[in-house]
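Residues in the sequence shown are numbered from 2 upward in steps of one, following the numbering used here.
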Amino acid sequence: MAITYSAYDAKARFSEVLRQVRDGKTVRVSYRGKPVAEIRAIRESPETIESRLDDLERQGTLVRSGEPRGPLKTVERRRGALKRFLAERGE
């Protein structure tokens, strides 16, 4: 869960904001009650898909299924797909 500061408070408590970001938290900054920015730590190492999925799972954004579904199959490309799509929409 992100911690939210108003723009005024974020400016006044910048050291505290940085301390929370160093601790791995995400800080949101709002202006007139609407979120306008997010401050989070920079990742030093290249991110792998597994590490990103783990992060999303820790944040509660993602729930992984219990069983892997196997490898993804390539989608067959057929000429004129855009034309058919637009025709279906009446454009």
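All C-beta atoms in this analysis are idealised placements derived from N, C-alpha and C, irrespective of residue type, glycine included.
Arg70 to Arg20, Cα distance in whole Å? 41 Å
8 Å contact criterion, which Val30 and Ala3 should meet: CB distance rounded: With a Cβ gap of about 10 Å, Val30 and Ala3 do not count as contacting.
Let's test the definition: count the other Cβ atoms within 10 Å of the Cβ of Val18 and tell me whether it reaches 16, buried, or not, exposed. buried
Is Ala11 helix, strand or coil by DSSP? helix
Quick check on this structure: which residue in Thr49, Glu77, Arg59 and Arg23 has the alpha carbon closest to the alpha carbon of Ile40? Arg23
Tell me which residues share the same chain as Val64 and place their Cβ nearer than 8 Å to its Cβ, disregarding the 5 neighbours each side in the sequence. Glu58
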